[in-house]
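For the sequence shown, the positions run 849 to 1489 when this note's numbering is used. These notes are about the structure you will find just below.
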Amino acid sequence: MPGSDATRKQNTLGGIAGMALLAFALAYRFFPGLLHIEPAPEPVAAGNVPGQRAPTPWSATPRPPQAPVEPKEEAAPEEVGTSFADAVRMGPPAPTSKEVAALLARARTAEEKGALLDPKNGAIVLYRAALAGAEGNLEAVTALERIGGAMRDWTLAAIERGDEAGAQRYLATYADLPHSEKELDEARTRLKTLHDILPMLTHAAELMKAGRVTEPAGDNALAVYRKAAALDPGNRLVDAGLAGIERGYLDDALKEAAQDNFEAADQMLGLASSIRPGSQALLDTRARIESIRRQRAETVLAQASSALDSGNADLAEELAKKAQAISADLAGLDDFSVRLRNARLYASLKPGQVIRDAYLDIAGTAPALVVVPTGQFVMGSPADEPGHADSEEPQRRVRIEIGFALGQSEVTVAQFREFVRSTKYVTDAERFGGAAVYEESTGRIVNRSGMTWQNDYRGERASDELPVVNVSWNDAQAYLAWLSARTGKKYRLPSEAEFEYALRAGSSTRYPWGDGNPDKVVGNFTGEGDRSPSRRSWSSAFPRYSDGYWGPAPVKTFPPDAYGLYDMEGNVSEWVEDCWHDNYVRAPRDSKAWVNPGCERRVVRGGSWGSDPDQVRSAFRLSASADARSARVGFRLARDL
C-alpha cells in the first residue's frame, strides 16, 4: 500500500536522523576535537588538585588552519579517557546546577586542606552530596576515586607506624569508596598481621626494659622480635627493635676495639651479624673497627722498627708478631721480617765478619766468606762518564735487602783442586781441548790446546795460592754444587747487582777509589810502570802506576776494600750468576740475579790484571758464553745468610 510505504520511509528516515542527532550531541560533548570545537575559557577557579580542571561550558570556535602533515606509520595510540562506546552507553551528561557547582567548590577546598573525613564538611561528604544532585558527575566520581587511593595509602602508613586504630578507620573509609578488591584484601591482611604482632612488640619492649635481651633462652627480646619478624618480615617496628639489640653488640665491639681487644670485637661483630645480616650499621661498624685495627697495627709495627733500630731484636720480633696478630695482611710486615732476619744474623756475625763453613763429612772448611752489609746503591754509569757504554744504562737504584756473604777472595787453584780430586770432574777446558792464555811473544791472549785450570796465565803450572783461571761458568756451577753438598749451605755465584754493590763498597764514583787515577797501589790491573818478563809494557794503562805484577797475583796480595773483600777491582775478572742483557731496561731493582731460562751468555764483572783504565770502572761489564775459558777470568763464592 502506497500510504504504508511512505509511512515506513518516514519512520526510517526519522530514526536515522534521531540517531545522527544523538551521535552529534555525544561527539560534541565528549570529543569536541572531532568537530573543530575547543572549550571556552574556564570561568571558575581551578580545582583542589593541581592539573585537575572542573567541568566547564563548551563553545564552538573555528580551528586555525594547519599545514598538511605527511602521514606516518605509527602504532595505534592507547585509548585514554571515555571511549565512544562508553559515551553512548552513558548518554548525555547531566547539567550542573548552581547548587552542585557550589558543593564541588566546597569539596575542592576541603580536599586541599586535607579535610577528607569530616562528617559534615569533609571532602568525601561534599563530593557525595554533589553526586546526589548530579548523578555521574565526572569531577565528583574522579575525586572520590582519588580520595580512595589516599585512604589506602593512609591505611598502609598507619600500619607501618603501628597505629592499629588509625589503620582500621582509614581502611573502613577506603572500603566505602571506589577501590580495588585486591588492594583492599591486601590491606586487610596486613592490618590483621599488625593486630597479631602488636602484643609481641609490647612484650619484647618489656623484656628489653627488664634487661632480658638474649637470655633466658626462649623468653627474651631477641627471640620475640624474631617470631614477629617471621610473621611480618618487612615490619619497620620489628626491624627497629632488632636494630636496638644489634646496636648494643656493635657498641660493645667498638669498646673492645678501642682497648685493643680485637678478638672480642670480632666476637661481638659475629653476634651482631646474626641479628640483621648485611645491615648498613653492621657494615659501617665493621669498617670503623678495621680502620682502628690497621692504625693500631701500624703503630705497633713502628714500635717494632724502633726496637730493631736500637738493637733489641727480641723485642722487635715480639712487637712484629703482635702487629701481625692485629692485622695479618698489614703492609710492611714482609719487609720488616727481612730486616729482622738480617738483624738477627748480624747480631751474631756482624758485617765484615769472616765465615768459614765446616765440611759435614770430613775435616776441613769451605773458602772464607765475608758478611756484606745490606744497603742500596745506584747501579750502572751516567752517559757522561768517560768510558761509558750503552750496556751500563739506564742507571737505577738497587736495594740490597737480603743479607749475603761474598768470598773473601777469588777461588784458588788449591781449593778447586780439592773439588776435582773429590769428584773426578772434567772441566770444559779438558773436554774442549784448551783455553785462552797470554802469549808473551805476541802480547796477545790466544787459544792454546792442553791448557786447563792447572795452568797459569802463561800456560805454566799454576801455584796453589793463585786464583784459578781457565774455568768456565759451567765449571764454577759444578764447584758450587759440590761445596753446597759438603757444607749443607747453599753456595752460588753472586748476582751482578751484588758484585757491583760489593765492588763499589759504598762509593758512587767512576772507580772504587774515586774518579781519577789511583795515587797508591790498590789492586792488580794495567799500570804504566808494569813490565812483562820480556819487558813489554801496556799500550793503555794508568799513568804513574805499577802494582808489580804482569799476570794474576796470589790472592790477598793487595789491601782489602771497605767491606773486607780482596781483589774486587782487579787480579782476575769474575763470573756472576746473571744472563747477559744488552742494557738494564726492565732489570730487577733488588739483589736478585736477572736470569732467563736457557740463556747461553753470562755476565763477567770486575777488572783483571790485563784490564785498561776504562775496564776497571765500577760499572764495566762484559759477556761471554757459559763454556768460555780464559786466563783472565775466575770466580768467587756467595751465599745467603
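Don't be surprised by glycine CBs; every beta carbon is placed ideally from N, CA and C.
Counting the other CB atoms within 10 Å of its CB gives ASN985 a total of 16 or more, which places it among the buried residues. For ILE1248, DSSP records a beta bridge to GLY1223. Taking the Cα of ARG1204 as reference, the smallest distance to any Cα among GLN1115, ASN1419, VAL1226 and GLN1256 is reached at GLN1256. Secondary structure remark: continuous alpha helix (DSSP H) runs of at least 4 residues inside the segment 1311 to 1358, in chain order: 1321 to 1335 and 1344 to 1352. Counting along the chain, GLU1241 sits inside no beta strand (DSSP E), nor does DSSP assign it H or E at all. Straight-line spacing of the CA atoms in ASP1363 and SER1466 works out to 10 Å.
When DSSP reads this structure, GLY1482 sits in a beta bridge with GLU1422. Per the C-alpha coordinates, the member of ASN1295, VAL1219 and ALA1474 positioned closest to SER1196 is VAL1219.
Per DSSP, the continuous beta strand (DSSP E) segment holding VAL1452 begins and ends at 1449 to 1453.
By alpha-carbon distance to VAL948, the top candidate from ALA1277, ILE972, PHE1347 and ALA988 is ALA988.
With contacts defined as CB atoms closer than 8 Å, VAL1420 and PRO1400 qualify as a contacting pair.
Annotation: SER1158 is outside any beta strand (DSSP E) and is labelled neither H nor E by DSSP. With respect to the 8 Å criterion, VAL1464 and TYR1393 are not classified as neighbours on the basis of their beta carbons. Taking C-beta separations shorter than 6 Å and ignoring five residues to either side along the sequence, the partners of ALA1283 in its chain run ALA1277, MET1299, ASN1318 and ARG1477, following chain order. ASP1182 sits away from ALA1262, with the two beta carbons spaced by 8 Å or more. Cβ neighbours of ALA991 within its own chain (closer than 6 Å, five residues either side excluded): TYR975. Here the segment 1047 to 1066 makes no contact with the segment 1020 to 1037; the two share fewer than three CB pairs at distances below 8 Å. Distance from the CA of SER1332 to the CA of LYS1198, rounded to the nearest whole angstrom, comes to 23 Å. With respect to THR1222, GLY1251 sits close: the two C-beta atoms are nearer than 8 Å. Comparing alpha-carbon positions, the option among GLY1180, TYR1207 and ASP1162 lying closest to ALA1191 turns out to be ASP1162. The Cβ atoms of VAL1148 and LEU1167 lie closer than 8 Å to each other.
If the five residues before and after GLU1287 are omitted, its C-beta is found closer than 6 Å to the C-beta atoms of VAL1294, all from its own chain and listed in chain order. Nearest C-alpha to THR1335 among GLY1212, PRO1391, THR1275 and ALA1253: GLY1212. Comparing alpha-carbon positions, the option among GLU1448, THR957, VAL1268 and ARG1084 lying closest to TYR1327 turns out to be VAL1268. A distance below 7 Å between beta-carbons, with the five flanking residues on each side excluded, links ASP1100 to the following residues of its chain, in chain order: MET1116.
The shortest C-alpha to C-alpha distance from ALA1329 to any of VAL1316, LEU1049 and TYR1273 is the one to TYR1273.
Between the alpha carbons of ALA1152 and GLU1165 lies a gap of roughly 7 Å. Here PHE1406 is buried, its C-beta having at least 16 other C-beta atoms within 10 Å. Across the set THR957, LEU1485, LEU1004 and ILE1007, the C-alpha of LEU1485 shows the shortest separation from the C-alpha of ALA1350. Burial of GLY970 is indicated by the presence of at least 16 other C-beta atoms within 10 angstroms of its C-beta.
Judged by their CB atoms, ASP1378 and SER1387 are not nearer to each other than the 8 Å cut-off.
Our two residues, GLU1241 and ASN1372, have alpha carbons roughly 27 Å apart in a direct line. Annotated three-state conformation of ALA1112 is helix, per DSSP. In this structure, the alpha-carbon of ASP1232 lies about 11 Å from that of ASP1238. When the alpha-carbon of LEU1039 is set against those of ILE1007, PRO1047 and GLY1014, the nearest one is in ILE1007.
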